[in-house]
Amino acid sequence: MSSNLNPRQREAIEYIQSPLLVLAGAGSGKTRVITQKIAWLVNHAGIPARHIAAVTFTNKAAREMKSRVGEILKGKAAKGLTVSTFHTLGLQIIRREIRSLGFKNNITILDAQDCEGLIKGIIDKGFTADEEYTEQCQQQIGRWKNAMILPKQALESATEEQEFKIAQIYNQYENQLRAFNAVDFDDLITVPARLFADNEEVLERWQNRIHYLLVDEYQDTNTSQYQLVKLLTGVRGALTVVGDDDQSIYAWRGAEPENLALLAKDYPRLKVIKLEQNYRSSNRILTAANKLIGLNPHVFEKRLWSDKGMGDPIKVLVTKNGEEEAKQVIAQLINHRFLNQADYGEYAILYRGNHQARIFEHILTHHKIPYYLSGGTSFFARAEIKDIMAYLRLIVNPDDDSAFLRIANVPRREIGSSTLEKLGNYANTRQVSLFDASNELGLTEVLSPRTLENVQRFTLWIDKIAYRSTTEEVIPLVREVISSIGYEHWLKDTCKDIKTAERRMENVNRLVTWLEKLQEEEDKTLGEIVSHFALMDVLERQNEEKGNFGVALMTLHAAKGLEFPYVYMIGMEEELLPHRNSMESETGIQEERRLTYVGITRAQKHLTLTYARRRKRYDEMISCDPSRFIKELPQEDLVWEGDRIKSDKPPEEKKAIAKAHLSHLKDMLRK
Numbered sequence: 003m004s005s006n007l008n009p010r011q012r013e014a015i016e017y018i019q020s021p022l023l024v025l026a027g028a029g030s031g032k033t034r035v036i037t038q039k040i041a042w043l044v045n046h047a048g049i050p051a052r053h054i055a056a057v058t059f060t061n062k063a064a065r066e067m068k069s070r071v072g073e074i075l076k077g078k079a080a081k082g083l084t085v086s087t088f089h090t091l092g093l094q095i096i097r098r099e100i101r102s103l104g105f106k107n108n109i110t111i112l113d114a115q116d117c118e119g120l121i122k123g124i125i126d127k128g129f130t131a132d133e134e135y136t137e138q139c140q141q142q143i144g145r146w147k148n149a150m151i152l153p154k155q156a157l158e159s160a161t162e163e164q165e166f167k168i169a170q171i172y173n174q175y176e177n178q179l180r181a182f183n184a185v186d187f188d189d190l191i192t193v194p195a196r197l198f199a200d201n202e203e204v205l206e207r208w209q210n211r212i213h214y215l216l217v218d219e220y221q222d223t224n225t226s227q228y229q230l231v232k233l234l235t236g237v238r239g240a241l242t243v244v245g246d247d248d249q250s251i252y253a254w255r256g257a258e259p260e261n262l263a264l265l266a267k268d269y270p271r272l273k274v275i276k277l278e279q280n281y282r283s284s285n286r287i288l289t290a291a292n293k294l295i296g297l298n299p300h301v302f303e304k305r306l307w308s309d310k311g312m313g314d315p316i317k318v319l320v321t322k323n324g325e326e327e328a329k330q331v332i333a334q335l336i337n338h339r340f341l342n343q344a345d346y347g348e349y350a351i352l353y354r355g356n357h358q359a360r361i362f363e364h365i366l367t368h369h370k371i372p373y374y375l376s377g378g379t380s381f382f383a384r385a386e387i388k389d390i391m392a393y394l395r396l397i398v399n400p401d402d403d404s405a406f407l408r409i410a411n412v413p414r415r416e417i418g419s420s421t422l423e424k425l426g427n428y429a430n431t432r433q434v435s436l437f438d439a440s441n442e443l444g445l446t447e448v449l450s451p452r453t454l455e456n457v458q459r460f461t462l463w464i465d466k467i468a469y470r471s472t473t474e475e476v477i478p479l480v481r482e483v484i485s486s487i488g489y490e491h492w493l494k495d496t497c498k499d500i501k502t503a504e505r506r507m508e509n510v511n512r513l514v515t516w517l518e519k520l521q522e523e524e525d526k527t528l529g530e531i532v533s534h535f536a537l538m539d540v541l542e543r544q545n546e547e548k549g550n551f552g553v554a555l556m557t558l559h560a561a562k563g564l565e566f567p568y569v570y571m572i573g574m575e576e577e578l579l580p581h582r583n584s585m586e587s588e589t590g591i592q593e594e595r596r597l598t599y600v601g602i603t604r605a606q607k608h609l610t611l612t613y614a615r616r617r618k619r620y621d622e623m624i625s626c627d628p629s630r631f632i633k634e635l636p637q638e639d640l641v642w643e644g645d646r647i648k649s650d651k652p653p654e655e656k657k658a659i660a661k662a663h664l665s666h667l668k669d670m671l672r673k
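Just so you know, we're using our numbering here: the sequence shown kicks off at 3 and counts up by one.
Next comes the structure, spelled out in structure tokens:
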């Protein structure tokens with residue numbers, strides 16, 4: 003075991019006498035505790051690695067945890083250890099219990115876009131459809147699933163007409179998922195949880211498999227995740243959960259910080275160990291964070307402290323408008339970097355909403371300052387790219403049910419959701435793929451002659467393209483596919499405006515150019531290109547999660563779990579932070595306060611808060627009030643600067659800024 007552990011960390015690692023809650027404050031070394039505890043369980047408690055599971059919420063966190071454990075446990079000692087996300091564990095359970103669940107082996111996992119398409123198809127059949135209503139239905143269905151509420155229960159408990167309609171859509175949606183032998187992202191948790199609740203034999207099998215469970219970021223669990231943990235650990239209660247209610251910022255996607263309090267109720271012998279020593283920030287930053295978050299109600303009280311000294315005062319920069327805010331932040335960043343000989347990668351600009359990044363991107367680009375934008379949509383995740391690649395995937399592998407479902411009616415060819423549901427039910431009965439089912443004689447008893455003709459016209463066309471792909475040049479064939487399906491016209495018909503359609507078609511053309519370059523360089527077949535694309539998709543997501551060099555631009559939500567020496571939190575104004583949608587309830591304000599706390603505790607050495615007196619909103623310049631959260635900080639630790647603030651910069655600081663800009667200009671000219 004590592005010798006540089008503090009007493010509380012060591013206690014948390016070695017305690018296994020009862021269920022344990024490790025209340026881990028920001029920057030308190032929680033990942034070290036989890037990884038060291040896994041090694042301690044194997045080396046000292048005598049629990050084989052194959053009987054230990056550790057779960058968290060992101061692939062990045064799981065990879066980091068697995069990597070750290072791998073540095074401690076070597077060879078056979080680590081064999082069989084499970085370190086994964088909640089959803090990966092859920093998928094593992096579903097695949098191993100496929101027979102008990104009644105699925106076919108080649109189960110399909112639908113992403114959010116695929117699910118949105120299913121819901122849209124259901125709405126179009128019987129309800130008034132628009133983008134906002136589709137999103138509302140998708141969110142409500144997700145909430146029901148996370149709360150373990152089945153369609154029948156949703157229908158029975160509905161008290162308003164709107165709620166009843168969405169419950170009907172939920173019921174049809176679940177029927178279609180079953181017909182397609184598919185699950186959505188929420189099902190990866192709810193399906194195993196229900197299986198364990200209903201099938202004692204399966205539950206006992208998994209309880210015998212997992213003798214000790216560790217859960218990271220426990221404050222982010224929802225009801226279904228809590229139930230999954232509770233069922234897996236059973237009466238044995240061999241469980242360590244690590245969490246921080248002050249960093250619970252995902253209520254909008256179902257997280258329930260109350261689950262921390264539920265632990266004490268469900269596990270009367272629960273032991274609580276607090277990790278309060280922060281290894282990240284100066285005490286001035288921690289004092290501000292403690293005072294702010296102290297205004298929220300707490301089940302468990304804690305107070306962060308550090309041995310890094312008081313550190314710099316927190317700067318509050320006031321500007322006359324949003325554009326001036328961006329200019330001054332970048333100017334100060336340039337100056338600070340020059341004076342401290344820092345790297346651009348040591349700086350982060352954090353904000354409440356993605357739209358706030360645009361002006362900063364423009365100014366950073368103008369100054370030729372490297373930056374990366376976190377949380378943007380991956381090129382490979384764009385709907386138009388996934389559509390075209392689904393065509394190529396189906397051409398290469400007709401048994402790819404996920405690709406079939408995505409493109410059967412994109413662009414529309416009169417193969418609607420009810421047709422796909424009937425086809426899916428037939429395929430399930432026959433235990434064949436959707437493509438193979440489309441060409442069976444028995445389908446004539448399921449589909450009308452016209453509908454069957456539409457389906458078989460589509461599959462016959464795919465068959466012909468697949469045959470040609472074995473002998474013809476790849477790229478001309480890809481271009482022909484895109485042209486013959488009329489994808490560009492379909493974008494113009496379905497996008498909200500012509501500019502959006504053109505931008506999405508540009509992405510399609512960019513994809514073709516990329517495929518062409520790949521084919522020229524390595525002379526790949528279509529099948530090899532599709533496989534290479536899947537690998538590129540994985541690598542891009544991994545690279546995004548690993549981080550980049552340059553100034554970080556990211557939302558406060560995306561910044562959770564990260565740290566930077568120098569942090570600028572911009573847009574500290576009422577209706578931005580706290581966000582106007584959260585200002586109507588006390589719980590909303592409390593979550594926004596936690597979000598601010600998360601932002602403050604990302605800073606290691608220096609923190610600057612900014613707000614503009616006026617800001618453009620919906621093409622109108624409006625007056626802004628400073629965020630209430632600035633007023634809730636210890637005022638004696640704040641230094642005010644900027645527009646209409648009396649304490650202007652001293653002459654020597656103005657000279658330093660001028661010198662920094664001159665140096666930056668010279669660097670640009672040299673390059």
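Beta carbons are placed, not taken as given, at the ideal position from N, Cα and C, and that holds for glycine.
Among the residues of its own chain, which have a CB less than 6 Å from the CB of residue i, if the five just before and after it don't count?
| i | result |
| --- | --- |
| Leu91 | Val57 |
| Tyr570 | Val331, Ile351, Thr610 |
| Gln544 | For Gln544, the predicted model reports a pLDDT of 48, less than 50, meaning its position is unreliable; a value from the coordinates is still stated below. Closer than 6 Å at Cβ, skipping near neighbours: no residue. |
| Ile95 | Pro194 |
| Ala14 | Val24, Val35, Ile275 |
| Leu578 | Arg354 |
| Lys548 | With a pLDDT of 49 at Lys548, under the threshold of 50, the modelled position of this residue cannot be trusted, and the question is left open. |
| Gln141 | none |
Could you say which of the options lies nearest to residue i if we only look at CA atoms?
| i | options | result |
| --- | --- | --- |
| Met585 | Ser376, Gln606, Met571, Phe631 | Phe631 |
| Glu303 | Glu137, Val24, His53 | Val24 |
| Glu203 | Leu234, Phe187, Cys139 | Leu234 |
| Ser115 | Leu341, Glu260, Arg384, Arg617 | The sequence shown places Gln at residue 115, not Ser. The candidate whose alpha carbon is nearest that of Gln115 is Arg384. |
| Val301 | Ser69, Lys76, Ile168, Val274 | Val274 |
| Met623 | Gly324, Asn280, Leu120 | Gly324 |
| Thr225 | Leu640, Thr192, Trp208, Arg211 | Thr192 |
| Ser250 | Tyr220, Leu436, Lys106 | Tyr220 |
| Ile464 | Val514, Leu493, Ile409 | Ile409 |
| Lys310 | Arg282, Asn45, Leu319 | Arg282 |
| Pro413 | Glu133, Tyr620, Val483, Arg505 | Val483 |
| Lys293 | Glu638, Trp642, Ala503 | Glu638 |
Under the three-state reduction of DSSP, which class applies to residue i: helix, strand or coil?
| i | result |
| --- | --- |
| Lys618 | strand |
| Lys548 | Residue confidence for Lys548 is low, a pLDDT of 49 falling below 50, so the modelled location carries little weight; the figure read from the coordinates is stated next. If DSSP states are grouped into helix, strand and coil, Lys548 belongs with the helices. |
| Tyr599 | helix |
| Leu297 | coil |
| Lys1 | Only positions 3 to 673 of the chain appear in the structure, and residue 1 is not among them; the question remains open. |
| Ser625 | strand |
| Val193 | helix |
| Ala410 | coil |
| Arg526 | Note that residue 526 is Lys in the sequence shown here, rather than Arg. Looking at Lys526 - three-state DSSP - the assignment turns out to be coil, as it is neither helix nor strand. |
| Ile49 | coil |
| Lys607 | strand |
| Met574 | coil |
| Val24 | strand |
| Thr60 | coil |
| Thr502 | helix |
Which same chain residues end up closer than 7 Å to residue i when comparing Cβ atoms and leaving out the 5 residues on each side of it in sequence?
| i | result |
| --- | --- |
| Val398 | Leu528, Gly529, Val532 |
| Glu16 | Trp42 |
| Gly313 | Ser284, Asn285, Arg286, Ile287, Lys607 |
| Thr37 | Met67, Arg70, Val71, Ile74 |
| Asp186 | Leu112, Cys117, Leu179 |
| Thr87 | Val57, Thr58, Phe59, Thr60, Asn61, Ala64 |
| Glu348 | Phe566, Pro567, Tyr568 |
Could you pull out every residue in the same chain whose Cβ sits closer than 8 Å to the Cβ of residue i, ignoring the five residues on either side in sequence?
| i | result |
| --- | --- |
| Trp307 | Glu278, Gln279, Asn280, Asn285, Leu288 |
| Arg415 | Asn456, Arg459, Phe460 |
Would you say residue i faces chain B, with C-beta separation under 8 Å as the test?
| i | result |
| --- | --- |
| Arg470 | Protein chains in the displayed structure number just one, and chain B is not present. |
List in chain order: all unbroken beta strand (DSSP E) runs of 3+ residues lying wholly within the segment 82 to 167. Uninterrupted beta strand (DSSP E) stretches at least 3 residues long and entirely within the segment 82 to 167 occur at 84 to 87, given in chain order.
Check whether the segment 459 to 468 and the segment 421 to 428 touch, using three or more Cβ-Cβ pairs below 8 Å as the test. In short, these stretches do not touch, since the Cβ pair count stays below three.
Threshold first: 3 residues or longer. Then list the beta strand (DSSP E) segments lying entirely within the segment 311 to 366, N to C. You should have 316 to 323, 349 to 353.
Using a Cβ distance threshold of 8 Å, determine whether the segment 554 to 570 contacts the segment 348 to 365, with at least three qualifying pairs required. Enough Cβ pairs lie closer than 8 Å, so yes.
Which residue spans inside the segment 221 to 288 form an unbroken alpha helix (DSSP H) run of at least 4? Runs found: 225 to 235, 260 to 268.
Should the segment 144 to 160 be called in touch with the segment 433 to 452, which here means at least 3 C-beta pairs below 8 Å? Of all C-beta pairs linking the segment 144 to 160 to the segment 433 to 452, fewer than three are shorter than 8 Å, placing the two stretches out of contact.
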